[in-house]
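Heads up, the sequence shown is in our numbering, so the first residue is 3 and it goes up one at a time.
Just so it is clear, CB atoms sit at the ideal spot from N, CA and C, and this is done for glycine as well.
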Amino acid sequence: MITIAVTGGAACGKSHFCERMLTWAAPGRVSFFSCDAAVSELYREEETIEELKEIAINLNQPELFTGDSLDRALLRELLFENSAFRGKIEELVHPKVLRRVEAHLGALADEVRLSLVEVPLLYEVDFPVSRNLDLVVGASACVQRRRLLELRGLAPRVADRLLRSQLPMADKVRRADIVVWNDGDLESMDAQISHLFRRCENLSN
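So this is what it looks like as structure tokens:
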């Protein structure tokens with residue numbers, strides 16, 4: 003089995019890439035794990051909620067919770083603006099996510115030939131997932147910004163801050179084993195994915 007860590011920048015098309023690979027594969031041949039989805043699940047679990055409450059109290063951010071309800075918007079704001087808070091959250095969440103990735107990979111059936119693990123901040127946090135290859139889905143900064151504004155409805159200030167918080171795309175591309183460049187339309191991206199899909203099929207057979 004080949005395991006590929008899929009990363010890239012905001013609004014570059016990581017999820018579209020993974021969806022296409024899953025859609026085109028024969029049933030049971032390709033698996034997918036989303037670290038973002040795992041984090042969302044953790045934020046709904048009682049154990050994690052209690053640990054987050056403790057961090058919020060210790061760092062004087064009690065307004066992060068109303069009862070057991072987590073203020074997701076404030077959480078995103080604090081992760082951007084408060085490095086001490088971000089460090090504590092990463093110390094809590096990343097090991098939990100890594101254990102889930104490892105459990106997922108370890109439980110895969112023998113017929114799975116390709117495993118995709120989507121890790122948006124693979125390089126920013128040096129996420130230590132075991133893999134054979136790194137794949138970066140990239141786009142130019144101006145295209146990323148336009149998509150964040152037009153497709154996701156972010157305010158310019160928020161979009162700019164999000165892009166600044168990520169490693170420059172050139173650095174990610176240099177570290178990647180494979181690059182899918184998504185500055186154009188979906189047809190252009192799909193052509194690249196189709197070519198890569200055929201290569202992966204040949205490698206895994």
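Residue i, enclosing alpha helix (DSSP H) - first and last residue
| i | result |
| --- | --- |
| V114 | Where V114 is concerned, there is no enclosing alpha helix (DSSP H), given that its DSSP letter is neither H nor E. |
| L151 | 143-152 |
| V41 | 37-44 |
| L76 | 74-83 |
| M23 | 16-26 |
| L54 | 48-60 |
Residues of its chain near residue i, where Cβ-Cβ distance is below 8 Å and the 5 sequence neighbours each way are ignored
| i | result |
| --- | --- |
| L100 | F129, P130, V131 |
| Y125 | T9, L169, D173, K174, R177 |
| L205 | I4 |
| D38 | E120, P122 |
| L54 | Y45, L66, F67, L72, I91, L94 |
Sequence-distant residues of its chain with Cβ nearer than 6 Å to residue i (five each side left out)
| i | result |
| --- | --- |
| L164 | A12 |
| A141 | C14, N184, D185 |
| S17 | none |
DSSP-derived helix/strand/coil call for residue i
| i | result |
| --- | --- |
| G10 | strand |
| D185 | coil |
| F129 | coil |
| S190 | helix |
| S167 | coil |
Residues near residue i by beta carbon distance below 7 Å, same chain, minus five either side
| i | result |
| --- | --- |
| D192 | R22 |
| F19 | V8, V139, V182, I195 |
| H214 | There is simply no residue 214 to check, as the chain begins at 3 and stops at 207 in what is shown. |
| A86 | L61 |
| L24 | V32, F34 |
Limits of the beta strand (DSSP E) - the one that residue i falls within
| i | result |
| --- | --- |
| V121 | Careful: V121 lies outside any beta strand (DSSP E) and carries neither H nor E. |
| V138 | 135-140 |
Inter-stretch contact at 8 Å, needing at least 3 Cβ pairs: the segment 22-33 / the segment 88-95:
Pairwise C-beta distances place the segment 22-33 out of contact with the segment 88-95, as fewer than three of them are shorter than 8 Å.
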